[in-house]
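Peer 1: If you scroll down you'll find the structure; I have some questions about it.
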Amino acid sequence: MLSVQGLGLHHSGNYLFQNVNFTIKKDDKIGLVGKNGAGKSTLLKMLSGEITFYEGNVVPEGNITIGFLKQDLDFVKGRTVWAETMQAFEQINAWKNELEEVNHQMTVRTDYESDSYTDLINKMTELNDLLMNHDAYNLEGDMEKVLFGLGFKADDFQKITDEFSGGWRMRIELAKLLLQKNDIMLLDEPTNHLDMESIMWLENFLKDYPGAIVLVSHDKQFMTAVCNRTFDVNNRKVDDYKANYSKYLIMREDRREKLIQAKKNQDAEIKQMEDNINKFRASATKASFAQSLIKKLDKIERIEVDNEDVSKFNIRFVQSQVPGKVIFEAENLGKSYGEKQIFDDVDFIVQRGDRIALLGQNGQGKTTLAKILAGDIKDYSGSWNLGHNVNIGYFAQNQEEVLTPNKTVQEEAEDAATEETRPRVRDLLGSFLFQGEAVNKKTKVLSGGERNRLALCKLLLRPFNTLIMDEPTNHLDIQSKEIIKLALQKFEGTLIVISHDREFLQGLCDKIYEFRDGKMKEFLGDINEYLEFRQKESIREISAEKAKLHGEEAKVEVKAKKEEKPVADNQQPATIVSKEQKNIQNKIKKVEERISELETKVEEFEASFTKENPSEETLEKYNQIKEDLDLALQEWEHLGAQLD
1 MLSVQGLGLH HSGNYLFQNV NFTIKKDDKI GLVGKNGAGK STLLKMLSGE ITFYEGNVVP
61 EGNITIGFLK QDLDFVKGRT VWAETMQAFE QINAWKNELE EVNHQMTVRT DYESDSYTDL
121 INKMTELNDL LMNHDAYNLE GDMEKVLFGL GFKADDFQKI TDEFSGGWRM RIELAKLLLQ
181 KNDIMLLDEP TNHLDMESIM WLENFLKDYP GAIVLVSHDK QFMTAVCNRT FDVNNRKVDD
241 YKANYSKYLI MREDRREKLI QAKKNQDAEI KQMEDNINKF RASATKASFA QSLIKKLDKI
301 ERIEVDNEDV SKFNIRFVQS QVPGKVIFEA ENLGKSYGEK QIFDDVDFIV QRGDRIALLG
361 QNGQGKTTLA KILAGDIKDY SGSWNLGHNV NIGYFAQNQE EVLTPNKTVQ EEAEDAATEE
421 TRPRVRDLLG SFLFQGEAVN KKTKVLSGGE RNRLALCKLL LRPFNTLIMD EPTNHLDIQS
481 KEIIKLALQK FEGTLIVISH DREFLQGLCD KIYEFRDGKM KEFLGDINEY LEFRQKESIR
541 EISAEKAKLH GEEAKVEVKA KKEEKPVADN QQPATIVSKE QKNIQNKIKK VEERISELET
601 KVEEFEASFT KENPSEETLE KYNQIKEDLD LALQEWEHLG AQLD
């Protein structure tokens, strides 16, 4: 579908890529991996045509379409979420408008025997065929599926996009791209603004996507699930592995061992040549031989081997004095911004040594709670108490506001250090990939990933017994994430972490606080157990949202019919609701009540599951109720179709 030939790009006087060649085929799901700054995002821009000043060629085969998820949003103000999402179908919308105009012309014209009227009929047939071939009359179902999957609720569809945060608007942009069904889809960190449930939905969507995908992601589990091919971007080249991310790691290690041996052999050869050059350079009879060796040495392409072993970064968080048994205790805790209640009636006790993950959709209050516990938010309802001898280390999302812009990396780290840790500043900065001249950079010019690494380094320079981490892996490459995860696993204090990265949380937390619909629930179990529970719950919730959406539409139609006025003798009669339709409406009402009862029972069962392991008899009852609920939903859909 697309061929890359001899691709090269200069950046800051050096090659970012040089003589890169590869082909993208229809069923390829390609993950781009490599350190920050290796050129992954740049390569996507070159494939999309956004960057054109490069050597070599990017050659699409035939009339293929390429979609690119950009970070800059250009929404028309005043559009609803539904109307903005509909913009994904630009060509289909144009055909519909054209068909509408053709139909209008056919109703107002009377020259039925003319050639131009025949042309109109032919045009109408052509447009109808195009719309049918592109499944244009089922777009609404596809839109619902994608919007629900990305975390929107039925109530959001008619809200203006201006009301949503940048992260939610980016979800709309992603929805539009997914609905376009391009031949090749380019995705740069598509999970950045998604919560864990939406990430899992997107993962399944992309696995079944009929076209090719090229994506950049630092989520290892996401990459392994989606991709069947991995491009390792390093040292100005792209190494192609015909494998998903997990298999790529094994293949790369084998390749790396061979490279290390080849480098040893090359180094020995180079040393021998350099010794001979030095030996013969001063000799009149051997000078020409020395010059030929110099030319040969210059032509050697040096083998480079990246150091990928994170175990050598033996870093750890320094624990301060031992705190009391209770770290935090909250009762009826709540927070609102104006009329918007973020969460309310939250009760919990965090004990010494707890390792808790705060999970839930964006905007549900995870960061707000973290800020309250860190002391950054003073205005809240209810109460909470800090335990005895608790020293809190807080990693905030907004690192650009936390760092001092005109300080260098080293100055920022030294200011955070204690007298005991100050001698370790340079070593720790090196562990977080600030080496050489990088320590003299001003913090204001750092990238998002560099700011995060510096903030994490600062936390290691002071002793704490409680860590609150809000999205610590944002903008970090895979190697940096592994470094910080190892350090947190060694930390012996209390940990509260907000993250949407499943792999990062595995083996790190053993308790979940879930934020949903303004409340917080405690889930006793690790991330894998929670995800299994949440996946089943999400299916039910999406079904309920669909029912809500279409149920409300049905109610609007019925209400409109009730409000119709009696017609005069010279008017067309109003639509009359037949006895059969009334019977169907009554049945729908009863089924909706039945669905509501069954959903309540399901919730009661699942709430009990989080407190104790269910017996076989309880599980049988639960499964039977779930089956009854599925049947009720099917009956509701069937009756709705009859009413239509």
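For the sequence shown, the residue numbers in UniProt numbering are 1 to 644. Built from N, CA and C at the ideal position, the CB exists for glycine as well.
Report yes if the C-beta distance between Cys457 and Leu428 is below 7 Å; otherwise report no.
Peer 2: Yes, they are a contact pair.
Peer 1: List the whole-angstrom C-beta distance separating Ile498 from Met469, where the pair is believed to meet the contact cut-off of C-beta under 8 Å.
Peer 2: With 8 Å as the limit, Ile498 and Met469 qualify as a contact, their Cβ atoms being about 7 Å apart.
Peer 1: Can you find at least 3 beta carbon pairs, one from the segment 208-218 and one from the segment 35-54, that sit closer than 8 Å?
Peer 2: Touching, yes, given that three or more Cβ pairs across the two stretches are closer than 8 Å.
Peer 1: Out of curiosity, what's the CA-to-CA distance linking Ala94 and Phe523?
Peer 2: Going from the Cα of Ala94 to the Cα of Phe523 covers about 50 Å.
Peer 1: Who are the near neighbours of Glu329 in its chain, counting only those whose CB is closer than 6 Å to its CB and skipping five residues on each side?
Peer 2: For Glu329, where only same-chain residues beyond five positions count, the Cβ hits under 6 Å are Ile349, Asn385.
Peer 1: Verify whether the separation of the beta carbon atoms of Phe395 and Pro463 is less than 7 Å.
Peer 2: It is not a contact, given that the beta carbons lie outside the stated cut-off.
Peer 1: How is Gly518 classed by DSSP in three states: helix, strand or coil?
Peer 2: Coil at Gly518, not helix or strand.
Peer 1: On the CB-based measure, 16 or more other CB atoms within 10 Å of its CB, does Gln261 come out buried or exposed?
Peer 2: So Gln261 counts as exposed.
Peer 1: Where does Arg252 sit, in a helix, a strand or coil, going by DSSP?
Peer 2: In the structure shown, Arg252 sits in a helix (DSSP, three-state: H, G or I).
Peer 1: Of the residues Arg256, Lys258, Ile294, Glu253, which one's Cα is nearest the Cα of Met273?
Peer 2: Closest option to Met273, Cα to Cα, is Ile294.
Peer 1: What ranges does the alpha helix (DSSP H) occupy inside the segment 44-95, keeping only unbroken runs of at least 4 residues that lie completely in it?
Peer 2: Counting only runs of 4 or more, we get 81-86.
Peer 1: Short of 6 Å in beta carbon distance, which residues of its chain neighbour Gln361, apart from the five on each side in sequence? Order them along the chain.
Peer 2: Closer than 6 Å at the Cβ level, and outside the excluded window around Gln361, lie Gly151, Asp195.
Peer 1: Please classify Phe53 as buried or exposed, where buried requires at least 16 neighbouring CB atoms within 10 angstroms.
Peer 2: Classification for Phe53: exposed.
Peer 1: Go to Ser336, then tell me how far its beta strand (DSSP E) extends in each direction, as first and last residue.
Peer 2: Residues 326-337.
Peer 1: State yes or no: is the C-beta of Asp183 within less than 7 Å of the C-beta of Thr23?
Peer 2: The answer is no: Cβ separation not under 7 Å.
Peer 1: Please state if the CB of Lys247 and the CB of Ile303 are separated by a distance shorter than 7 Å.
Peer 2: Against a cut-off of 7 Å, the Cβ pair of Lys247 and Ile303 comes out as no contact.
Peer 1: Could you check if Gly67 is buried or exposed, using at least 16 other CB atoms within 10 Å of its CB as the buried criterion?
Peer 2: Label assigned to Gly67: buried.
Peer 1: Can you tell me whether DSSP reads Phe464 as helix, strand or coil?
Peer 2: It is a strand residue.
Peer 1: For Arg352, which beta-bridge partners are listed by DSSP?
Peer 2: Partner(s): none; Arg352 has no beta bridge.
Peer 1: Hey, out of Asp111, Glu482, Val326, whose CA is closest to Asn465's CA?
Peer 2: Ranking the options by Cα distance to Asn465, first place goes to Val326.
Peer 1: When DSSP labels each residue in this structure, what does Tyr209 get in the three-state scheme?
Peer 2: Residue state, collapsed to three classes: coil.
Peer 1: Would you say Gly365 and Phe343 are within 7 Å of each other, going by their C-beta atoms?
Peer 2: Cβ atoms of Gly365 and Phe343: closer than 7 Å.
Peer 1: Please classify Leu139 as buried or exposed, where buried requires at least 16 neighbouring CB atoms within 10 angstroms.
Peer 2: So Leu139 counts as buried.
Peer 1: Using the rule of at least 16 other Cβ atoms within 10 Å of the residue's Cβ for burial, across every protein chain shown, is Pro190 buried or exposed?
Peer 2: Under this definition Pro190 is a buried residue.
Peer 1: With the cut-off set at 7 Å, would you say Lys45 and Glu503 are in Cβ contact?
Peer 2: No, these two residues do not count as a Cβ contact at 7 Å.
Peer 1: Using CA atoms only, rank isn't needed, just tell me which of Phe205, Leu9, Ile595 is closest to Asn235.
Peer 2: When only C-alpha atoms are compared, the closest one is Leu9.
Peer 1: For Thr368, count neighbouring Cβ atoms within 10 angstroms of its own Cβ and tell me buried if that reaches 16, exposed if not.
Peer 2: The residue in question, Thr368, is buried, as its Cβ has 16 or more Cβ neighbours within 10 Å.
Peer 1: Run through DSSP, which three-state label would Met223 get?
Peer 2: In the structure shown, Met223 sits in a helix (DSSP, three-state: H, G or I).
Peer 1: Enumerated in chain order, which unbroken segments of the beta strand (DSSP E) with a length of 3 residues or greater are wholly contained in the segment 18-43?
Peer 2: Complete beta strand (DSSP E) runs here, min 3: 29-33.
Peer 1: If you pair each beta-carbon of the segment 156-164 with each one of the segment 75-87, do three or more pairs fall below 8 Å?
Peer 2: Contact between the segment 156-164 and the segment 75-87 is present, because at least three Cβ pairs lie under 8 Å.
Peer 1: Closest by CA to Asp628, which one among Glu597, Glu492, Glu616?
Peer 2: Checked all of Glu597, Glu492, Glu616; the closest Cα to Asp628 is Glu597.
Peer 1: I'd like to know if Ser447 contacts chain B, where contact means its C-beta is closer than 7 Å to some C-beta of that chain.
Peer 2: The displayed structure is made up of one protein chain only, and chain B is not part of it.
Peer 1: For Met132 and Val33, what's the separation of their Cα atoms in angstroms?
Peer 2: Taking the straight line from one Cα to the other gives about 40 Å.
Peer 1: Closest to Leu69 by C-alpha separation, out of Leu359, Gln291, Gly49, would be which residue?
Peer 2: Ranking the options by Cα distance to Leu69, first place goes to Gly49.
Peer 1: State the Cα-Cα distance for the pair Glu55 and Ser3, rounded to the nearest angstrom.
Peer 2: Distance between the alpha carbons of Glu55 and Ser3: 14 Å.
Peer 1: Counting pairs of Cβ atoms below 8 Å between the segment 437-449 and the segment 399-414, do you hit three or more?
Peer 2: Contact holds: three or more Cβ-Cβ distances are below 8 Å.
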